[in-house]
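Peer 1: So for the sequence shown, our numbering puts the first residue at 689; every next one is plus one.
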Amino acid sequence: MREKVLKEYAECLKENGLLSRCDLQSDVQNQIVKYVSYNSMDVKLGTLFICKGAAFKQEYLHDAIEKGAICYIAEKKMIDDFPVILVSDIRKAISDVSALYFDEIWNDKLQMIGLTGTKGKSTTVTFIKAIIDDYCQAKGKTLCGFLSGIYNYDGEKKYRNSRMTTPETIELHSQLAKCADNGCEYLVMETSSQGLKYHRTKALKYKIGCLLNIGIDHISSAEHPDMDDYIDSKMMIFGQSEIACINNDMERDYIIKAKEAAKNCKKIVTYSIKGDADYRCIKADIKADKIDFEVEFKGQRQSLSLNMGGGHNLSNAVAAIAITDSIGIPFEHIREGLKNSKVAGRMEIYKLPNKRTEVVVDYAHNQLSYQSLIKSVKEIHPGWKVLFLFSCVGKKAFNRRKEVGEIASREADKIIITEDNCFGEDFANIRDDIMKHISEDKDVEVIYDRAAAVRRALEVSGDDWVVLLTGYGIDDYKNLKGTTEKTMTDGGIVEEYIKIHS
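1) For K945, I'd like the list of residues in its chain whose CB is within less than 8 Å of its CB, leaving aside the five on either flank, ordered along the chain.
2) Can you grab the Cα-Cα spacing for the pair S881 / P1041, in whole Å?
3) Given a cut-off of 8 Å on the beta-carbon distance, is the pair N1054 and R1088 in contact?
4) Leaving out the 5 sequence neighbours to the left and right, which residues in its chain are closer than 7 Å to R663 when beta-carbon positions are compared?
5) Can you tell me whether A826 is buried or exposed, with buried defined as 16 or more other CB within 10 angstroms of its CB?
6) Can you tell me whether DSSP reads A932 as helix, strand or coil?
7) Would the beta-carbon of Y697 fall within 8 Å of that of L774?
8) In three-state DSSP terms, what is D711?
9) Tell me, please, which residues DSSP counts as bridged to W1153.
10) Tell me whether the region 786-806 and the region 759-767 touch, counting them as touching only if at least three CB pairs, one residue from each stretch, are closer than 8 Å.
11) Does the region 923-938 touch the region 956-968, meaning 3 or more C-beta pairs lie closer than 8 Å?
12) Considering F815, what are the terminal residues of the beta strand (DSSP E) in which it resides?
13) Please classify M938 as buried or exposed, where buried requires at least 16 other C-beta atoms within 10 Å of its C-beta.
14) Within the region 963-1016, note down every full beta strand (DSSP E) run reaching 3 residues or more, in order along the chain.
15) So, helix, strand or coil for Q719, using DSSP?
16) Could you tell me the distance, in whole angstroms, from the CA atom of E1036 to the CA atom of V1048?
17) Curious, which full-length beta strand (DSSP E) runs of at least 3 residues does the region 845-914 contain?
18) Return the CA-CA distance between K1073 and Y841, expressed in angstroms with no decimal places.
19) Over the uninterrupted alpha helix (DSSP H) stretch that includes N1117, give me the two end residues.
20) Determine the contact status of T889 and Q928, defining contact as a CB-CB distance below 8 Å.
21) Starting from the C-beta of L875, find all residues in its chain whose C-beta is less than 8 Å away, skip the five residues before and the five after it, and write them out in chain order.
22) Excluding sequence positions up to five away, which residues of its chain have a Cβ less than 7 Å from the Cβ of I907?
23) Taking the alpha-carbon positions, what's the D777 to L706 distance?
24) Within a Cβ cutoff of 8 Å, which residues of the same chain sit near G997, ignoring the five residues on either side of it in sequence?
25) Short of 8 Å in beta carbon distance, which residues of its chain neighbour N1028, apart from the five on each side in sequence? Order them along the chain.
26) If you draw a straight line from the alpha carbon of S1097 to that of K732, how long is it in whole angstroms?
27) Suppose contacts are defined by Cβ-Cβ distances below 8 Å. Is L1156 in contact with V1182 by that definition?
28) Span of the beta strand (DSSP E) holding F1111?
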């Protein structure tokens, strides 16, 4: 990266209409910026420090200065007699400053694919990576860069992600820069409504942006105040995309709004598993662990197999086909990639050895994903009983408590409510909010410890039962009281049970 001086950062912010005031004496204007950070614990000599967040304290700035910060950026002046650049919008400023620091190399070196939606993001990006990886391996290229809620891949190594779908701006830019430096030509990433709303992705130019679906989620004072804000945030992806990919199976109003948001894109492509679209599924044989299907597009029909069951994953697969074909991936690699793809923590199926019981581990955690999961399970196993184990996170997405309670009350034969990441909120409060929406005649158990709850579900289920273990997927950590601790995965507990009873 080319080293830049403080004056260049101020000029960048001015060009983007964000500069309110610049207090840089002539003797500091040409100081080289060695680093940018908004974390006072992550400051080194020559850092341009950004004062970010509603909870920011002046002591963080003093700490940063002691460690070597040479200037700070803020929306208001914090201290006197120290170089400062004042801006009108700190979140937008972070994006512009960070992008300048990293030379925006991702926009020059990567074909980036961004997906947003209420459900299916992790599954669909995994399908896309499998397809592009098959192509890259055949051509001797570096595998596809990957940013998701499951794991990240930077062209050299794979590592677990935090629970934040779209990382904070500087972390995101750092990861994109690593992918570019490590030789990736493609990158696919989940793009959350929060990431869009708060401008974490502002400096990204997507080759193709996709809207998978919209459901009621993330509505709270801490996230989106209402559905309009949530939907508008999702639609922002098309403002930074060359090609727009839209699910034609959404509600008509959402499709119209998406196409309006995408009107300045060079091209719009649509997909569907129900009706007309540029890419449409015309036939499907859906099993518990496999889907054989046909897709029609560009005047041709192609037969494919997906190494994963569940009707909801058919839509994700067709989306992956539309996206990868639109960026020029040959169909032979689309077919092979889908056939060999596996999504950790999504529709992982286990059969118990001592009874005719099927266990499904899935990351489903909101209304749309729960509805899709249960619908698929009931189609695959008509007449079987359903044991539904779930919870809701603390301190956000409060609407889920009502929605999942109603779904469980309507669809499940037995319910077990257990812990999720409470983040310091009293589990009893979460439990009570859920219980308000479950019928009194339902068979419900509340077991605080998740491992104990999973073992209980396996023990009490019987023949012709499906046990749904939802919300955690492959997560092996939990945050109950504000700190993260390691825990056993749901799948690991099931495997332990199978080993004991085999």
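Quick reminder that beta carbons are idealized off the backbone N, C-alpha and C, glycines included.
Peer 2: Short version:
1) I919, M923
2) 42 Å
3) yes
4) Past the boundaries of the shown model lies residue 663; the chain is included only from 689 to 1190, so the question cannot be answered.
5) exposed
6) strand
7) no
8) strand
9) T1045, K1073
10) no
11) yes
12) No beta strand (DSSP E) contains F815, which is instead part of the alpha helix (DSSP H) from 809-827.
13) buried
14) 967-974, 979-985, 988-994
15) coil
16) 6 Å
17) 846-848, 874-878, 894-899
18) 39 Å
19) 1115-1123
20) yes
21) W794, L798, Q799, M800, I801, C832, G833, F834, L835, L864, C867
22) D914, M915, Y918, N1087
23) 6 Å
24) I974, K975, A976, D977, K978, I979, M1035, I1037, S1064, I1068
25) A818, D822, N995
26) 54 Å
27) no
28) From DSSP, F1111 is part of no beta strand (DSSP E); its letter is neither H nor E.
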